[in-house]
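Here's the structure, in structure tokens; my notes come after.
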Amino acid sequence: MNLALIPGDGIGTEVVAEAMKVLLAIAPLTDVTIEATEYDLGAKRYNATGELLPEEVIAELRTKDAILLGAIGDPSVAPGILERGVLLPLRFVMDHHVN
Numbered sequence: 022m023n024l025a026l027i028p029g030d031g032i033g034t035e036v037v038a039e040a041m042k043v044l045l046a047i048a049p050l051t052d053v054t055i056e057a058t059e060y061d062l063g064a065k066r067y068n069a070t071g072e073l074l075p076e077e078v079i080a081e082l083r084t085k086d087a088i089l090l091g092a093i094g095d096p097s098v099a100p101g102i103l104e105r106g107v108l109l110p111l112r113f114v115m116d117h118h119v120n
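Here this note's numbering is used: the first residue of the sequence shown is 22, the next is one more, and so on.
Written out as structure tokens, the structure reads:
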């Protein structure tokens, strides 16, 4: 399984890290091999670069089998910016209606 990891912000980083521990622990019990690539999307990236969801990241995400998405949002970014700049575009581009 070619997995994209988007830890996001706050508790999302911890949740994704623990979820990966579980996936890696059970993978040997199956015939599934896990390859994971982490993507820095969320408040930290936005505050550092002003970027939300670059086209090159979207192109890479389209090649993945699944996306493990943590929580996105941080008080340092005004409400709506990350939701409209990361979460909603991810839903539309990947043809998902919820996350």
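Glycine residues also receive a C-beta, built at the ideal position from the N, C-alpha and C atoms.
The model shown is predicted, which means the values in this text are computed figures rather than measured ones.
- Rounded to the nearest angstrom, the gap between the Cα atoms of Glu39 and Ala69 is 26 angstroms.
- In this structure, DSSP gives Ala99 a state outside helix and strand, which the three-state scheme calls coil.
- The C-beta distance from Leu103 to Ile93 rounds to 5 angstroms, short enough to meet the 8 angstroms contact threshold.
- In this model, Glu35 and Ile27 are separated by some 11 angstroms (Cα to Cα).
- When DSSP states are grouped into helix, strand and coil, Leu109 belongs to the helix group.
- With contacts defined by Cβ atoms closer than 8 angstroms, Glu59 and Arg66 do not form a contacting pair.
- Nearest Cα to Asp30 within the set Leu108, His117, Val114, Arg112: Leu108.
- DSSP places Ile88 inside the beta strand (DSSP E), whose first and last residues are 87-90.
- Residue range 32-47 is occupied by the alpha helix (DSSP H) that includes Leu45, with no beta strand (DSSP E) assigned at that position.
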